[in-house]
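Peer 1:
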Amino acid sequence: MSFRAGRIEVPHTLGGDPVTHRTVGHPAGLPDDPRANVTAPTPECPVEITLAALHGRWTTLVVRELLRGDHSYSELRTALPMLSDKVLSDRLAQLGEAGVVERDRRPGWPPRVRYALTPSGHRLGPVLQALWDWGTEASARDGAHT
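Going by our numbering, the sequence shown opens with residue 2, and the numbers climb by one from there.
(1) Here's a check: name, in chain order, each residue in its chain whose Cβ is nearer than 6 Å to the Cβ of GLY136, leaving out the five neighbours to either side.
(2) Where does LEU31 land, buried or exposed, given buried means 16+ other C-beta within 10 angstroms?
(3) Tell me whether the beta-carbon of GLU66 lies closer than 8 Å to the beta-carbon of ALA80.
(4) Thinking TYR74 and VAL128 are a contact (beta carbons under 8 Å), I'd like their distance in whole angstroms, please.
(5) When the Cα of VAL101 is compared with those of GLU76, GLY122, LEU68 and THR60, which residue comes out closest?
(6) Classify ARG92 as buried or exposed, calling it buried when 16 or more other Cβ atoms lie within 10 Å of its own Cβ.
(7) Given a cut-off of 8 Å on the beta-carbon distance, is the pair THR61 and LEU96 in contact?
(8) So, at 7 Å on beta carbons, what are the nonlocal neighbours of ASP71 in its own chain, with the 5 sequence-adjacent residues on each side left out?
(9) For the alpha helix (DSSP H) that LEU96 lies in, which residues bound it at each end?
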């Protein structure tokens, strides 16, 4: 997906520096893609797909732990002690179905299973960072108004 947030130079100057204007078209930061102009949520919308993959309490924390490296189920439970077995199992299944996490069963006895992010899952790192940054700014704004 390409983004059109380019700039063009115009022939006049202001104080010796060229004056630039945003290109006409999509606002900065919005994709140059017809799906970005829908008037209602659709299952084909890439943003909706991303939000669905990260949906649910604890999901982002499971992804965060896996961004730090692959984990066994028990290592995830230790890293997130307030997370119930049922919810962890559900989140790992959800993330697996979304193509974010892969389950690797290793040979031997007892059976060993490791969970790791797929390449697609690793690309969620900057997404989570952007969400964190936005939330930090929003929290600071909200704190300034109380």
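Ideal Cβ placement from N, Cα and C applies to all residues, glycine included.
Peer 2: Per the coordinate set shown:
(1) none
(2) exposed
(3) yes
(4) The beta-carbon separation of TYR74 and VAL128, rounded to 25 Å, does not stay under the 8 Å limit for a contact.
(5) GLY122
(6) Result: buried.
(7) Against a cut-off of 8 Å, the Cβ pair of LEU96 and THR61 comes out as no contact.
(8) Excluding its 5 nearest sequence neighbours in each direction, ASP71 has C-beta neighbours in its own chain below 7 Å: ARG115, TYR116 and ALA117, listed in chain order.
(9) 86-98
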